[in-house]
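Note sheet for the following structure.
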Amino acid sequence: MNLIPNSNDLISILPILVLSGGGILLLGLQFFFQGFEFRIVRFTSGLILIAAFFSLFVSQSNPGVGSYFSGHYEISTTGFWFGALYLIAAFCTVLASPRVLEQHNMEFPEFYPLLLFSVVGMFLMTSGTDTVTIFVGLELMSVCLYVLVGMARSDVYSLEASLKYFLLGSFSTGFFLFGMAFLFGGSGTTHLQDSLKPLLSSGFDSNFTKIGLLLLLTGISFKIALFPYHSWTPDAYEGALTPVTGFMATASKSASMGLLLVVFSKFPVQVAGGEWTWIMGILALMSMTYGNFVALKQTSLKRVLAYSSIAHAGYVVAGISLGGKEEALFYLIVYSFMSLGAFAILSFLEEGNRHVTYDSIAGLAKSRPWTSFALFIFFLSLAGIPPLGGFWAKLFLFQRIAEGTDQISRLLLIGGIANSALALYYYVKVGILAYMSSEEGEISKLDSPKASYGVLFVSAISLAAVLVGWYFIQPKDLNSLKFANKSAELQK
0 MNLIPNSNDL ISILPILVLS GGGILLLGLQ FFFQGFEFRI VRFTSGLILI
50 AAFFSLFVSQ SNPGVGSYFS GHYEISTTGF WFGALYLIAA FCTVLASPRV
100 LEQHNMEFPE FYPLLLFSVV GMFLMTSGTD TVTIFVGLEL MSVCLYVLVG
150 MARSDVYSLE ASLKYFLLGS FSTGFFLFGM AFLFGGSGTT HLQDSLKPLL
200 SSGFDSNFTK IGLLLLLTGI SFKIALFPYH SWTPDAYEGA LTPVTGFMAT
250 ASKSASMGLL LVVFSKFPVQ VAGGEWTWIM GILALMSMTY GNFVALKQTS
300 LKRVLAYSSI AHAGYVVAGI SLGGKEEALF YLIVYSFMSL GAFAILSFLE
350 EGNRHVTYDS IAGLAKSRPW TSFALFIFFL SLAGIPPLGG FWAKLFLFQR
400 IAEGTDQISR LLLIGGIANS ALALYYYVKV GILAYMSSEE GEISKLDSPK
450 ASYGVLFVSA ISLAAVLVGW YFIQPKDLNS LKFANKSAEL QK
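Quick note on numbering that gives the first Met the number 0: the sequence shown kicks off at 0 and runs consecutively.
This is the structure we're talking about:
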């Protein structure tokens with residue numbers, strides 16, 4: 000095996016190189032622009048993300064789809080969409096965060112390098128084909144998020160959320176590492192696809208692989224926040240600054256579910272389905288049911304969206320476990336824009352020190368009609384009301400689930416539809432209070448906050464994606480992009 004990377008290997012990770020080099024550059028820039036380093040770092044981070052986005056197209060076209068670094072890294076059409084999703088979510092976070100960071104008196108230039116490094120970890124998670132590479136990406140993303148969640152050092156809730164997220168995240172890392180060890184013990188390799196081949200056999204080696212896969216899926220379930228591995232989610236979402244929460248709910252969650260999709264796609268054909276579909280299917284059903292039921296009694300909109308994210312994770316995992324690759328990816332794309340828009344507006348309404356609750360937005364449409372309209376649209380889309388993007392995402396996903404002929408498919412289809420109907424209550428409640436309440440809530444009574452162009456841009460882009468974006472990109476289109484297929488030969 001030749002361990003020296005060639006030019007194709009380096010070009011294949013061009014977005015990672017741009018983000019990593021950019022993050023190191025940002026760490027140094029703050030020392031050369033004393034006094035206004037925060038503004039320079041923020042502006043430069045936006046340029047780096049744009050450059051990384053264009054480099055994503057370069058790596059997909061040349062060297063093209065294939066395996067690189069002796070099979071440790073893979074370029075694929077699915078990886079392209081996940082990478083684009085991470086970069087867009089990070090760019091929107093950069094735009095929406097300055098106002099909130101200023102309000103909390105935490106204009107730390109390190110915020111933006113941490114954001115870039117976490118995206119590097121996400122790329123490795125969904126494009127790595129070796130369990131060691133995936134683990135490095137998983138931990139890089141997690142460590143950056145632990146710090147980002149707790150950056151508001153003067154806020155007790157933020158510190159508590161960071162500590163809880165760190166402790167439970169470390170616990171999940173243990174499961175993931177044990178799973179890697181058992182997979183290696185059963186196969187003698189860390190290559191993900193090869194390490195799952197013993198599932199075809201029986202005996203001692205197969206038992207090692209089954210235990211390893213179960214532990215690996217447990218570790219991934221923690222990151223996705225599936226029930227019963229969800230307990231960190233509400234506190235972390237509520238304690239983190241709202242733009243960081245939006246980034247976690249979109250990019251981080253998409254990366255974790257993308258990793259689950261990668262694992263299922265590497266199963267031997269003969270093993271696809273069976274008990275592994277049942278295991279993840281039952282977790283998905285419990286997650287959507289638990290998330291929606293607990294969300295019914297929440298008053299804080301951030302906690303509502305936190306429990307809602309547990310339910311939505313259940314929908315996506317149900318699709319992934321039944322082979323709905325494109326449908327799950329489309330759902331994640333639409334869900335990301337809905338969440339980015341919703342959290343951007345919540346950060347605007349919070350004004351740094353307020354908790355946005357159902358009661359506080361009563362009568363909001365009278366004082367801030369456009370803000371209440373956008374917020375209501377995002378919540379209606381999360382509920383799956385036609386003709387918004389959330390409706391089509393659920394429709395395509397449920398159609399894919401309905402195509403299954405076994406019992407678990409019927410169970411997940413009925414559970415998904417029933418839970419979608421249940422969730423209508425707490426989503427539509429936002430519009431009822433904002434438009435139909437005779438009383439005025441705390442936020443409605445106050446003067447309109449100073450305009451934020453970053454929040455406005457993020458909200459406008461998200462609204463466009465939710466209202467008409469689904470018309471231009473649908474699940475069948477996600478694999479229609481034709482990139483060069485110049486697969487690098489695995490070096491011996």
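Cβ coordinates follow ideal geometry from the N, Cα and C atoms, glycine included.
{"Asked": "Run through the DSSP bridge pairs and tell me what I332 is partnered with.", "Found": "Answer is none; I332 lacks a bridge partner."}
{"Asked": "Starting from I74, follow the beta strand (DSSP E) in both directions and report where the run begins and ends.", "Found": "72-74"}
{"Asked": "Per DSSP, what are the beta-bridge partners of T298 in this structure?", "Found": "Per DSSP, none; premise fails for T298."}
{"Asked": "Short of 7 Å in beta carbon distance, which residues of its chain neighbour I309, apart from the five on each side in sequence? Order them along the chain.", "Found": "A224, F226, H229, T232, S286, Y289, G290"}
{"Asked": "Please check if any C-beta of chain B sits within less than 8 Å of the C-beta of M124.", "Found": "Chain labels in this structure do not include chain B; a single protein chain is all it has."}
{"Asked": "Roughly how many angstroms separate the alpha carbons of G453 and S437, rounded to a whole number?", "Found": "32 Å"}
{"Asked": "Specify the secondary structure class of S253 as computed by DSSP and reduced to three states.", "Found": "helix"}
{"Asked": "Go through the region 95-126 residue by residue and report every complete run of the alpha helix (DSSP H) that reaches 4 residues or more, in order.", "Found": "110-126"}
{"Asked": "With H, G and I counted as helix, E and B as strand and the rest as coil, what does DSSP make of S66?", "Found": "strand"}
{"Asked": "Find the nearest neighbour of Q473 within the set M337, H71, E325, judged by alpha-carbon distance.", "Found": "E325"}
{"Asked": "Can you give me the start and stop residues for the alpha helix (DSSP H) that E138 sits inside?", "Found": "130-148"}
{"Asked": "Considering I400, what are the terminal residues of the alpha helix (DSSP H) in which it resides?", "Found": "388-401"}
{"Asked": "Checking the sheet assignment: what are the DSSP bridge partners for T217?", "Found": "According to DSSP, which records beta bridges pairwise, T217 is partnered with nothing at all."}
{"Asked": "Going by DSSP, what residue range makes up the alpha helix (DSSP H) through N7?", "Found": "6-11"}
{"Asked": "Please return the same chain residues whose Cβ sits closer than 7 Å to the Cβ of V135, not counting the five positions on each side in sequence.", "Found": "L123"}
{"Asked": "Could you tell me if I133 is buried or exposed, where buried requires 16 or more neighbouring beta carbons within 10 angstroms of its beta carbon?", "Found": "buried"}
{"Asked": "In its own chain, which residues sit with a C-beta less than 7 Å from the C-beta of N478, not counting the 5 before and 5 after it?", "Found": "T76, E325"}
{"Asked": "So what does DSSP say about T356, is it helix, strand or coil?", "Found": "strand"}
{"Asked": "Cα separation between K265 and L166?", "Found": "30 Å"}
{"Asked": "CB V315 to CB M247, shorter than 8 Å?", "Found": "no"}
{"Asked": "Straight-line CA distance for V190 to L432?", "Found": "A small correction: the amino acid at residue 190 is His; Val does not occupy that position in the sequence shown. Approximately 53 Å, taken between the alpha carbons."}
{"Asked": "Starting from the C-beta of S307, find all residues in its chain whose C-beta is less than 6 Å away, skip the five residues before and the five after it, and write them out in chain order.", "Found": "A294"}
{"Asked": "Taking C-beta to C-beta, are V119 and I15 nearer than 8 Å?", "Found": "yes"}
{"Asked": "Quick check: the Cα distance between K393 and G313, rounded to an integer number of angstroms?", "Found": "12 Å"}
{"Asked": "Below 8 Å, can you find three or more Cβ-Cβ pairs linking the region 371-384 to the region 271-281?", "Found": "no"}
{"Asked": "Tell me, please, whether the region 214-222 touches the region 170-186 by the rule of three or more beta-carbon pairs shorter than 8 Å.", "Found": "yes"}
{"Asked": "Taking three-plus beta-carbon pairs below 8 Å as touching, is the region 413-431 in contact with the region 455-463?", "Found": "no"}
{"Asked": "Assuming Y426 is part of the alpha helix (DSSP H), what are its boundary residues?", "Found": "406-435"}
{"Asked": "Between the Cα of G318 and those of S169, L410, N104, spot the shortest distance and give me the residue it belongs to.", "Found": "L410"}
{"Asked": "Would you be able to state if there are at least three C-beta pairs under 8 Å between the region 180-189 and the region 146-160?", "Found": "no"}
{"Asked": "Who are the Cβ neighbours of L139 in its own chain at under 8 Å, not counting the five residues just before and after it?", "Found": "F116, S117, V119, G120, L123"}
{"Asked": "I think F378 touches Y426, with their Cβ atoms under 8 Å apart; what is that distance to the nearest whole Å?", "Found": "5 Å"}
{"Asked": "Quick check on DSSP: helix, strand or coil for H311?", "Found": "helix"}
{"Asked": "How big is the Cα-Cα spacing for L331 and S141?", "Found": "20 Å"}
{"Asked": "Is it buried or exposed, W369, if we count other Cβ atoms within 10 angstroms and call 16 or more buried?", "Found": "exposed"}
{"Asked": "Smallest Cα separation from D8: which of V40, Q59, R41?", "Found": "Q59"}
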